[in-house]
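Each protein sequence line maps, in turn, to chains U and W.
For the record, in the first sequence the residue sitting at position 316 is 317 according to our numbering, with numbers rising by one throughout.
For the record, in the second sequence the residue sitting at position 151 is 1144 according to our numbering, with numbers rising by one throughout.
Shown next, in structure tokens, is the structure this report addresses.
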Amino acid sequence: MIGLHEVYLVAGLMFGGFALASAYDLANPKRWNNAAFWGLFALSFLFGDQFGDLANGVLVIAMVLIAGVGGLGQGEPRTTSAEERRASSAKLGMRLLVPALAIPLVTLVCVLGLKGVTANGQPLIEAKHATLVALTGGALAAVLLGVLLLRQPISAAAQEGRRLMDTVGWAALLPQMLASLGAVFALSGVGPVIGDIAKGMAISGPLVSVAAYCIGMALFTMIMGNAFAAFPVMTAGLGLPLIVTANGGDPVAMSAIGMLAGFCGTLMTPMAANFNLVPAALLELHDRNAVIKAQTPTALALLAFNIVLMALVVYR
Amino acid sequence: MLVLSGIVVVIVGFAARINPLLVIVVSALLTGLAAGLNIVEVVAALGKAFNDSRYISVVWLILPAIGLLERAGLQERARTLIAGLQSATTGRLLSLYFLLRQITAALGLHSLGGQAQMVRPLIAPMAEAAAESRLGALPDDWRQRIRAQAAAVDNIALFFGEDIFIAIGSILLIVGFLAANGIVVEPLALALWAIPTALAAAAIHLLRLRRFDRRLARALSVPEALK
């Protein structure tokens, strides 16, 4: 069965490759920081389950200190010049798009096509992690096609991957770190405390309740970085007692629209790093909040829409 | 109340532009200590959470493939493709991608797009090329704005498309939460309520992209001497 274990093995080898290539990159004045950072990440993927919680905690803190205090540098892997790329693009033509389109295609096949396939009586792909397996398969297929069809050297995959990884830098760790922070918040009982504060605000009246719940979902999502963490807290704290119990609203419409109000918050917060900060790094934007700024007008308009929609339908 | 100190650290730390990784670790340690754990327990809790969240960073596996294709000239190919289309504008191109992304996400294919695999190698270069071929060389600030718009389109279309699909995580979370509170609900009933907001998201954002096109054209057609 292909599952998370195999995916992590591939990821560990890739980060290990980045670490090794970084260590030999004399053009990077902070090459040892880069090597240590990606090396520790590789260890986490390869041996994280054997380390035990405390060792993993020390590993996280070491990675954060390397990136946050020591700082990471930009490597200079050998790549092609703008001239060479234009020439290569003209020569390869439409063939260039084949590996790029193979990524979504392989993903599609893995997610839909291999669902029922079994090997030795076990499902071929662990159903729970089909998307991650599909992504890994798509990435490997694209590299393979790049080598076979476009005649790129295989070593370029490691060097070019490192070039992009250095562009993203420490921000690459942010989404995982924020998820970990969310888990520590949950363990420490942050949610119920916020829920109690919301309950204590003495809100009443059907329309005010709807507005408070929707805005509360958006705000708490902005703090936590994702609507999934905010939904149980806000719905137990505001939604169910005020809208459903006190005013007789429909819990189904309330929950569905409340979640979407939370998504409006996701568009406006740096805490949703994978959606908002990582793209800014990937696209080499000077302002790391540029994506949030582009999204905010739509997010606010949609939040207003969701409040009005819920007010119209929840008490029917 | 003391457990909220971590949230304060996050807000202040992000606002003060301190390295977010440091802010997060300090916030996690403080929150755990405030909840009565000792320092070893907090570090272990953070380590366990980090180890359990590794799946989030698997997305970086796509980078070697994207880098390899960029080396071979993929971005240039994407540009050439768009530059040949007379009717392509930045706004129209992003609108088309918005609709494709939203519809595929609604069908449960939310992994078809994405910032690393679609926006950086294809959508952003195409959006830039559409502007360049009509309006000439792009000043850096507008290039930046176009890229940010490309990233925003991917996010907004995904968020307000995926909830129409009944087996997505957020729908399952709602079903589970309501069941725990004694309310039985079919996923389909929840998914239907996502449709009005999906339509509103498309209407609002497509309108904004049309305005973006107009602003872009106005800004770039002003003769140099008048700037």
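Note that the Cβ used here is the ideal one computed from N, Cα and C, for glycine as well.
Just by C-beta distance, which residues in the segment 232-253 of chain U are closer than 7 angstroms to chain W?
Result list: F232, P233, T236, L241, P252, V253.
Below 8 angstroms CB to CB, which residues in the same chain sit around M225 (chain U) once its five sequence neighbours on both sides are set aside?
These residues qualify, in order along the chain: G183, F186, A231, M272.
Do you know whose CA, among U:F46, U:M178, U:L179, U:G114, lies nearest A12 (chain U)'s CA?
Here the closest residue by C-alpha is U:F46.
Is the distance from the Cβ of A142 (chain U) to the Cβ of A101 (chain U) below 8 angstroms?
Not a contact, by the Cβ cut-off of 8 angstroms.
When the cut-off is 8 angstroms and only beta carbons count, does Q75 (chain U) lie next to chain W?
No, Q75 (chain U) lies away from the interface with chain W (no Cβ there is under 8 angstroms from its Cβ).
Drop a sphere of 10 angstroms on the beta-carbon of R964 (chain W), count the other beta-carbons inside from all chains shown, and report buried for 16 or more, exposed for fewer.
This structure cannot speak to residue 964 (chain W), because chain W is shown only from 994 to 1220.
Roughly how many angstroms separate the alpha carbons of L313 (chain U) and A212 (chain U), rounded to a whole number?
Spanning the two alpha carbons is a distance of roughly 12 angstroms.
With DSSP as the reference, label A28 (chain U) as helix, strand or coil.
Three-state DSSP puts A28 (chain U) in coil, outside helix and strand.
Exposed or buried, what is D1147 (chain W) when buried is set at 16 or more other beta-carbons lying within 10 Å of its beta-carbon?
Answer is buried; the Cβ neighbour count reaches 16.
Starting from the Cα of Y1090 (chain W), find the closest Cα among W:A1195, W:E1125, W:L1213 and give me that residue.
Of the candidates W:A1195, W:E1125, W:L1213, the one whose C-alpha sits nearest the C-alpha of Y1090 (chain W) is W:A1195.
Beta-carbon of T267 (chain U) versus every beta-carbon of chain W: anything under 8 angstroms?
Closer than 8 angstroms to some Cβ of chain W, the Cβ of T267 (chain U) qualifies, so yes.
Nearest chain W C-beta to D54 (chain U) closer than 8 angstroms, yes or no?
Yes - at least one Cβ of chain W is within 8 angstroms of the one on D54 (chain U).
Cβ of Q177 (chain U) less than 8 angstroms from any chain W Cβ?
Chain W, which has a Cβ nearer than 8 angstroms to the Cβ of Q177 (chain U), makes this yes.
Less than 8 angstroms between C-beta atoms, sequence neighbours within five positions excluded: which residues of the same chain meet that for I3 (chain U)?
Hits under 8 angstroms: L125, I126, E127, V134.
Leaving out five residues before and five after S1020 (chain W) in sequence, what residues of the same chain have Cβ atoms less than 6 angstroms from its Cβ?
Here the set comprises G999, V1002, V1003.
Jot down the residue ranges of each uninterrupted alpha helix (DSSP H) in the segment 1105-1148 of chain W, minimum 4 residues, whole runs only, in chain order.
Here the runs fully enclosed are 1117-1128.
Taking CB distances under 8 angstroms as the criterion, tell me whether Y9 (chain U) reaches chain W.
Yes, contact with chain W.
Taking the beta carbon of K1220 (chain W) as the centre, do at least 16 other beta carbons fall within 10 Å, making it buried, or is it exposed?
In this prediction, K1220 (chain W) scores a pLDDT of 48, lower than 50, which makes its location untrustworthy; the coordinate-derived value is nonetheless stated afterwards. The residue is exposed, with fewer than 16 neighbouring Cβ atoms inside 10 Å.
I want to verify the contact list: residues of chain U whose CB lies under 7 angstroms from the CB of E1121 (chain W), in sequence order.
In chain order: nothing, as chain U lies at least about 10 angstroms away.
According to DSSP, what are the bridge partners of T119 (chain U)?
Answer by DSSP bridge pairing, in chain order: U:P124.
Can you tell me whether DSSP reads I1157 (chain W) as helix, strand or coil?
If DSSP states are grouped into helix, strand and coil, I1157 (chain W) belongs with coil.
Which residues bound the alpha helix (DSSP H) around Q75 (chain U)?
Taken as a continuous stretch (DSSP letters only), Q75 (chain U) belongs to no alpha helix (DSSP H), as it is neither H nor E.
Decide if the segment 147-159 of chain U is in contact with the segment 1061-1077 of chain W; the criterion is three or more beta carbon pairs, one per stretch, under 8 angstroms apart.
Contact between the segment 147-159 of chain U and the segment 1061-1077 of chain W is present, because at least three Cβ pairs lie under 8 angstroms.
Select from U:L10, U:T108, U:W33 the residue whose C-alpha is nearest the C-alpha of L21 (chain U).
Comparing Cα positions, the closest option is U:W33.
Which residues in the same chain have their Cβ closer than 6 angstroms to the Cβ of L1115 (chain W), if we skip the five residues on either side of it in sequence?
Counting only Cβ-Cβ distances below 6 angstroms, and skipping sequence neighbours, we find A1071.
Step through the CB atoms of chain W and report whether any lies within less than 8 angstroms of the CB of Q296 (chain U).
Yes, Q296 (chain U) counts as interfacial toward chain W.
Counting only beta-carbon atoms, is L303 (chain U) nearer than 8 angstroms to chain W?
Output row for L303 (chain U): interface = yes.
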